Each structure stands twice: as C-alpha cells, then as structure tokens.
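Going left to right, the sequence shown walks through residues 1 to 99 as our numbering numbers them. Okay, structure first, notes after.
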Amino acid sequence: MAVTEGYLAKFRRAIRRNTSTDVDAELTDIIEECRQDLINLGVLESKATDETDSLIIGAVRCYVRWKFGLSNEDAAANKQDYLDLRDELRRKTDYITEA
1 MAVTEGYLAK FRRAIRRNTS TDVDAELTDI IEECRQDLIN LGVLESKATD
51 ETDSLIIGAV RCYVRWKFGL SNEDAAANKQ DYLDLRDELR RKTDYITEA
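Written out as structure tokens, the structure reads:
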C-alpha cells in the first residue's frame, strides 16, 4: 500500500507542515494505519487505497488530523469526523462489494 508523494503532500498541507523526512515518515505510517482500519472494517482494499477518491481522502484527512502530533486540541472533533466518514463508507455498497 504505497503512498505517493502527491498524496502525502495533501496531508502535509492538511496538518500545515513543510516537507520533512520525519514528518513524511510519520504521515506515511498514519495513512497506512488508516487504510488498514478501513480494510479491517470491510472497505475494499482497492477503495481504501484509491488516492483519487474524495470520500477516502476526506476520511484519511480526518484520521491524519486526529492522530498526528502530541498535543492536538482538535483531536476529538477529528476523531468523530473520521468515525462518521468510515461509517458512511461502510454503508455504501460500491465501497464494500466488488463490482
């Protein structure tokens, strides 16, 4: 489940960080963790790893904002946003069944 540079850049912007090897490594781990969470909950791997799908991007953005950093005052709101989006994805048949 490789993370492309362009995809990584979206989430670097979402957390308002400049390019950094350490930041990129942590973001990549968090993105892969989110993808695995979605897959474990029944979202197709092909959907969870689709770097162009706006719903997936939204879910990953909330997850990254929730998990990144040590002191994040918006973590609870971002966690809830992620939980809401992942539940929405699980209710959409095109995200949980092969075409």
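Cβ coordinates follow ideal geometry from the N, Cα and C atoms, glycine included. For clarity, every value in this text was computed on a predicted model and none was experimentally measured.
{"Query": "Rounded straight-line distance, which links the Cα of A59 to that of L41", "Result": "13 Å"}
{"Query": "Three-state secondary structure (DSSP) of T143", "Result": "A query on residue 143 cannot be resolved here, the shown segment of the chain reaching from 1 to 99 and no further."}
{"Query": "Pairwise C-alpha distance: I96 and R86", "Result": "11 Å"}
{"Query": "Counted within 10 angstroms of its Cβ, other Cβ atoms place R65 as buried (16 or more) or exposed", "Result": "buried"}
{"Query": "Closest Cα partner of R90 within the set T49, I39, A75, K67", "Result": "I39"}
{"Query": "DSSP state of E51 mapped onto helix, strand, coil", "Result": "coil"}
{"Query": "Three-state secondary structure assigned by DSSP to N72", "Result": "coil"}
{"Query": "Own chain residues within Cβ distance below 8 Å of G69, not counting five before or after", "Result": "I15"}
{"Query": "Residue interval of the alpha helix (DSSP H) (run including L8)", "Result": "5–14"}
{"Query": "Expected contact under 8 Å - CB spacing of R12 and T19 to nearest Å", "Result": "7 Å"}
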